[in-house]
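**Student:** So that we are looking at the same thing, I have put the structure below in structure tokens.
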Amino acid sequence: MILITTPTGDIGARVLRHVLDARQDVRVILRDPAKLPEEIRSRIEFVEGSHSDPTTIERGLDGARAVFWLPPGNPTAPSAQDGYVAFSRAFALALPSSGVTHVVGISALGRGWPHPAGLVTATLETDDMIGATGVNYRALCCASLMDNMLRQVGVIRGGGAFYAPTPGDLSLPQVAKADVANVAAALLTERTWSGVEAVPLRGPEDITHVEMARMMTEVLGKPIRFEEMPMEQFEVMLAGMGTSPGMVRDYVAMMRAKNEGIDTMAKPDDARQRRTPTTFQQWCERELKPVI
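Just so we're aligned, residue 1 is where the sequence shown starts under the UniProt record's numbering, counting upward by one.
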């Protein structure tokens, strides 16, 4: 039995489909089963509730041998520590007495960064907490997600621009959620691995935001430009969207760390590092173009 959390999220839903295609027995934890398509709901077990709740976790882990773990991300949480570390604590406490042997989690690049990095710092602490339980654990340490661009579909469609608090000429790794889900599903279904390891996931190319704008222009057939957003404006925008003060602070700390090099610390010849196949231009063709 494989337990999947966030089964209606962008990554979790893809993992769920891959695991079902591999003909595995699957259980999910979610608040509202009606959010799952009926054809999937009829093929799985589900536990209603939050996967931060000890009772829900106990029910979810009963009989499970592998787990896909991903906190849902809550911009209204008091802080990233609350949204990731505290959220995952009941799960970590339950693991040693469960029958779970393998866990795959979604994490971030940046291990060894010497400064606070907001969401990244909290995510890496969550990895440490899970890894200390004795289970076999793989933390999929993702570069920035290409799919986050979909949050700006409205301004791309209407204004021909996208924005980020990042210098336009800064080359950074990106990765597609579809590729992340493929790696996660393979690890969940082929459990021949052991120990605790971080697996850095980067796309086939590092890319600047200016280059992203050029590729979007080519794919969409209309001019798209990138505009750098001052970090102060980024803070105001987050607060205006209802993000808690603590999470605003942590998002800003993460973006500052990315601008300063947290995502490029991993050496290109690191044997653990996986260069995933989807380029940004391919992602634009498959994911962005259909919604513009």
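Every residue gets a Cβ at the ideal spot worked out from N, C-alpha and C, and that includes glycine.
Run the CB neighbour count on residue 115, radius 10 Å, all protein chains shown included, and call it buried at 16 or more, exposed below.
**Tutor:** exposed
**Student:** In three-state terms, what does DSSP make of residue 206?
**Tutor:** strand
**Student:** Go ahead and label residue 295 buried or exposed: buried means 16 or more other beta carbons lie within 10 angstroms of its beta carbon, across all protein chains shown.
**Tutor:** Nothing about residue 295 can be reported from this structure: the residues present for the chain run from 1 to 292 only.
**Student:** For residue 101, which option in 110, 2 and 163 has the closest C-alpha, if you only look at C-alpha atoms?
**Tutor:** 2
**Student:** Using the beta-carbon count (16 or more within 10 Å), is residue 42 buried or exposed?
**Tutor:** exposed
**Student:** Can you tell me the Cα-Cα spacing of residue 250 and residue 241, whole angstroms?
**Tutor:** 15 Å
**Student:** Sorted by chain position, which residues of the same chain lie with C-beta nearer than 7 Å to residue 195's C-beta, five sequence neighbours on each side aside?
**Tutor:** 136
**Student:** Suppose you measure from the CA of residue 143 to the CA of residue 203; what does that come to, to the nearest Å?
**Tutor:** 8 Å
**Student:** Any contact between the stretch 110-126 and the stretch 78-90? By contact I mean 3 or more CB pairs, one from each, below 8 Å.
**Tutor:** yes
**Student:** Taking the alpha-carbon positions, what's the residue 105 to residue 23 distance?
**Tutor:** Spanning the two alpha carbons is a distance of roughly 21 Å.
**Student:** Considering only DSSP beta bridges, list what residue 273 is partnered with.
**Tutor:** Looking at the DSSP assignment, residue 273 forms no beta bridge with any residue, so it has no partner.
**Student:** So, helix, strand or coil for residue 69, using DSSP?
**Tutor:** strand
**Student:** Mark residue 35 as exposed unless 16 or more other C-beta atoms lie within 10 angstroms of its C-beta, in which case mark it buried.
**Tutor:** exposed
**Student:** Evaluate residue 131 with the Cβ neighbour count: other Cβ atoms within 10 Å of its Cβ, from every protein chain shown; 16 or more gives buried, anything less gives exposed.
**Tutor:** buried
**Student:** From the DSSP output, read off the bridge partner residues of residue 226.
**Tutor:** 162
**Student:** Jot down the residue ranges of each uninterrupted beta strand (DSSP E) in the stretch 9-66, minimum 3 residues, whole runs only, in chain order.
**Tutor:** 26-30 and 45-48
**Student:** Do the stretch 220-237 and the stretch 83-96 touch if we need at least three Cβ pairs shorter than 8 Å?
**Tutor:** no
**Student:** Ordered along the chain, which non-local residues of its own chain (more than five positions away) have a Cβ less than 7 Å from that of residue 44?
**Tutor:** 26, 27 and 28
**Student:** Where does residue 96 sit, in a helix, a strand or coil, going by DSSP?
**Tutor:** helix
**Student:** Just tell me which of 233, 160, 185 and 147 has its CA closest to the CA of residue 213.
**Tutor:** 160
**Student:** Just to confirm, is the Cβ distance from residue 215 to residue 281 under 8 Å?
**Tutor:** yes
**Student:** Could you give the distance in angstroms between the alpha-carbon of residue 107 and the alpha-carbon of residue 8?
**Tutor:** 18 Å
**Student:** Are residue 258 and residue 189 closer than 8 Å when you measure CB to CB?
**Tutor:** Taking C-beta atoms as the reference points, residue 258 and residue 189 fail to come closer than 8 Å.
**Student:** Have a look at 220, 262, 254 and 238 and flag the residue whose alpha-carbon is nearest the alpha-carbon of residue 287.
**Tutor:** 220
**Student:** Hey, quick one: how far does the alpha helix (DSSP H) through residue 189 stretch, first residue to last?
**Tutor:** From DSSP, the alpha helix (DSSP H) with residue 189 extends over 177-189.
**Student:** So residue 94 and residue 57 are supposed to be a Cβ contact under 8 Å. How far apart are they, rounded?
**Tutor:** Contact flag correct, Cβ pair sits at about 5 Å.
**Student:** Once you ignore the five residues that flank residue 169 on each side, which residues in its own chain have a CB closer than 7 Å to its CB?
**Tutor:** 208 and 210
**Student:** In three-state DSSP terms, what is residue 138?
**Tutor:** strand
**Student:** Are the CB atoms of residue 199 and residue 139 nearer to each other than 8 Å?
**Tutor:** yes
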